[in-house]
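What follows is a set of notes on a single structure, which appears directly below.
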Amino acid sequence: MSGFEADPPSMRTVTAALDAAGDALRAAVETVDVRVCSRLGPERLNRAAAAVTEQCLAGLGRAGEGVEDSRERLDGALASYVDIDDAARESLLRKARWT
1 MSGFEADPPS MRTVTAALDA AGDALRAAVE TVDVRVCSRL GPERLNRAAA
51 AVTEQCLAGL GRAGEGVEDS RERLDGALAS YVDIDDAARE SLLRKARWT
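UniProt numbering puts the first residue of the sequence shown at 1, with every later residue one more than the last.
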């Protein structure tokens, strides 16, 4: 596999990384002050959420290249924790393919 100097990580390692990223994303979303959200407006808030999610994806891509189960779980996390439009979510999920 490209991008790995040694053996790729196990599914357990990838799942743990995904869970940690999901927890971090959930914590970030839950701690956003309502007043900040109203000042940012939905478009800027969505861009900020997408940027945070993209950084999570970058870390997950390094941790577990090509794991489809992780992509499906990430799709669920995006739908649950972040209110972004379908096009932005699909763009992020394409990046999650890690190919």
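The beta-carbon is built from N, C-alpha and C at its ideal position, and this holds for glycine as well.
Just so it is clear, the structure is predicted and the values come from calculations on it, not from any experiment.
query: So, helix, strand or coil for Ser91, using DSSP?; result: helix
query: By how many angstroms is the C-alpha of Leu25 removed from the C-alpha of Val52?; result: 7 Å
query: Are the beta-carbon atoms of Cys56 and Ala16 separated by less than 7 Å?; result: no
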